[in-house]
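These notes are about the structure you will find just below.
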Amino acid sequence: MATNNRRLLVTLPEAESQRLDQLADQLRLSRSELLRRLLMNSKLPDQRTFEASQAILDLLRVNADQARLGNLFKLALDEPLSADLLAKFDQLIIDITATQNALKSLVREIDRSLHRKAS
């Protein structure tokens, strides 16, 4: 397939090449995409976006943990009650509480990340 894209060869000193690689890694862009965005004066992603994205992924993990805990709790309810089962219920309640606290912490982290003043 024919393309209208042109490949350019750019020669940079070692320090500038390292700076380009560092900036591309920090912004999670390829070197080409970073240079393209700078050339076109396009918006570059900021660190807050990455922090918020990571926090959202963490929330999805917490959600999956909550679902697993709920399923375990459901299975436990089908079992006959015994001292061992009651201890498992207590541990499950502790686990659920810990997960809820982790969820609240992540929500606060996202809130702080999104409302932090740009420096």
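Under our numbering, the first residue of the sequence shown is numbered -16, with each subsequent residue one higher.
Note that the Cβ used here is the ideal one computed from N, Cα and C, for glycine as well.
Counting C-beta atoms within 10 angstroms of its own C-beta, ILE93 has 16 or more neighbours from the protein chains shown and is therefore classed as buried.
The Cβ-Cβ distance between LEU40 and LEU75 does not fall below 8 Å. Between the stretch -1 to 11 and the stretch 23 to 38 there are three or more inter-stretch CB-CB distances shorter than 8 Å, so the stretches are counted as touching. For LYS71, the secondary structure class from DSSP, reduced to helix, strand or coil, is helix. A straight line joining the alpha-carbon of VAL45 with that of ALA35 spans about 15 Å. By the neighbour-count criterion, in which 16 or more other beta carbons inside 10 Å mark a residue as buried, ALA50 falls on the exposed side. One thing to note: SER96 has its Cβ no nearer than 8 Å to the Cβ of ALA59.
Burial state of LEU17 is buried, judged by a 10 Å Cβ sphere holding 16 or more other Cβ atoms. Taken through DSSP and simplified to helix, strand or coil, ALA7 comes out as helix.
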